[in-house]
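Worksheet: one structure, shown below.
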Amino acid sequence: PSEGNIHDEL
Amino acid sequence: MNIFRLAGDMTHLASVLVLLLKIHTIKSCAGISLKTQELYALVFATRYLDIFTDFISLYNTTMKLIFLGSSFSIVWYIRNHKIVSRSYDKSQDTFRHYFLIIPCLLLALLVNEKFTFKEVMWAFSIYLEAVAILPQLVLLQRTRNIDNLTGQYVFLLGAYRALYILNWIYRYFTETHYVHWITWVSGLVQTLLYADFFYYYFESWKNNKKLQLPA
């Protein structure tokens, strides 16, 4: 799955 | 979420708690660079622009709020608290913010994942975080006696970065399409900045001597 520009790290 | 990422976040949280402990209970910010703290507040303010638009998890949102709240309150304490601000030595903390902010902003305009306001700000925050510790490291070098809490604070910040690198390695091998050059390169630079500090931190720990960085 492409994460796109979701930044899931802090 | 893997163990390295969680350990990294917890170490980051611990570093903030150590600093707040010093400020709240000892009522001192001696040896702490306000410049670095202001840069961190700017880092979180520009990185977490997505806090109300992109929901990732309750954990994620909670941590963002903690880092935003703690970084701004630390700056407030050092600048404005009657007792705490007295222990701040402005003459030693001379690093200029804009030497770091302007190059990071220019780099973010050139190198980003997408040319939108939010993404440029995000890239800026990543670059700025990588170098935000510099005023603190310069201040440490000037401080004759580094107290334990300040030493632990910087050590925990460095450890957090090292754990994030392990997290990226883990994610690279376990997730498909997990490639993030901007965070990787900046994170590596950021961790390398601590190398010198780590060396002297472990030396002082091994020899049971007070931490002191050579001038």
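Chains as they are written, first to last, in my numbering: chain R, 1 to 10; chain V, 1001 to 1215.
In this text, a Cβ means the ideal position worked out from N, Cα and C, and glycines have one as well.
Which residues in chain R have a C-beta closer than 8 Å to the C-beta of Lys-1064(V)? List them in chain order.
What you label residue 1064(V) is simply residue 64 of the second sequence in a count that begins at 1. The contacting residues are Leu-10.
If you measure beta-carbon to beta-carbon, which residues of the segment 1016-1036 of chain V are closer than 9 Å to chain R?
none
According to DSSP, is Leu-1213(V) part of a helix, a strand, or is it coil?
For this step, residue 1213(V) is matched to residue 213 along the second sequence. It is coil, neither helix nor strand.
What first and last residue would you give for the alpha helix (DSSP H) that runs through Ile-1023(V)?
Against the second sequence, residue 1023(V) aligns to sequence position 23. Unbroken alpha helix (DSSP H) run through Ile-1023(V): 1003-1025.
Under 9 Å Cβ-Cβ, which residues of chain R neighbour Ile-1056(V)?
Against the second sequence, residue 1056(V) aligns to sequence position 56. What Ile-1056(V) touches in chain R: Ile-6, His-7, Asp-8.
Going by the CB atoms, is the gap between Leu-1019(V) and Ile-1032(V) shorter than 8 Å?
Within the second sequence, residue 1032(V) is the residue found at index 32, counting from 1. Within the second sequence, residue 1019(V) is the residue found at index 19, counting from 1. Cβ distance < 8 Å, so Ile-1032(V) and Leu-1019(V) count as in contact.
Spell out whether any CB of chain R is found under 8 Å from the CB atom of Trp-1122(V).
If you number the second sequence from 1, residue 1122(V) lands on position 122. By this cut-off, Trp-1122(V) is an interface position.
For Thr-1036(V), count neighbouring Cβ atoms within 10 angstroms of its own Cβ and tell me buried if that reaches 16, exposed if not.
Here the question's residue 1036(V) lines up with position 36 in the second sequence. With 16 or more Cβ atoms within 10 Å of its Cβ, Thr-1036(V) is classed as buried.
Gln-1092(V) vs Arg-1142(V) beta-carbon contact at 8 Å
The sequence position of residue 1092(V) within the second sequence is 92, counting from 1. The sequence position of residue 1142(V) within the second sequence is 142, counting from 1. Yes, the Cβ-Cβ distance between Gln-1092(V) and Arg-1142(V) is below 8 Å.
Is the CB of Asn-1002(V) under 8 Å away from at least one CB in chain R?
By one-based count along the second sequence, residue 1002(V) stands at place 2. Chain R, which has no Cβ nearer than 8 Å to the Cβ of Asn-1002(V), makes this no.
Is the CB of Phe-1197(V) under 8 Å away from at least one CB in chain R?
Along the second sequence, read from residue 1 onward, the residue named residue 1197(V) stands at position 197. Closer than 8 Å: no.
Residues in its own chain within less than 7 Å of Gln-1152(V) by CB, not counting five upstream and five downstream?
Taking the first residue of the second sequence as position 1, residue 1152(V) is located at position 152. Same-chain partners within the cutoff: Val-1018.
Can you tell me the Cα-Cα spacing of Pro-1135(V) and Thr-1053(V), whole angstroms?
Position 135 of the second sequence holds residue 1135(V). Position 53 of the second sequence holds residue 1053(V). Pro-1135(V) and Thr-1053(V): Cα-Cα distance of roughly 33 Å.
Please go through the segment 1016-1086 of chain V and give each complete alpha helix (DSSP H) segment of 4 or more residues, from N-terminal end onward.
1034-1047, 1058-1080
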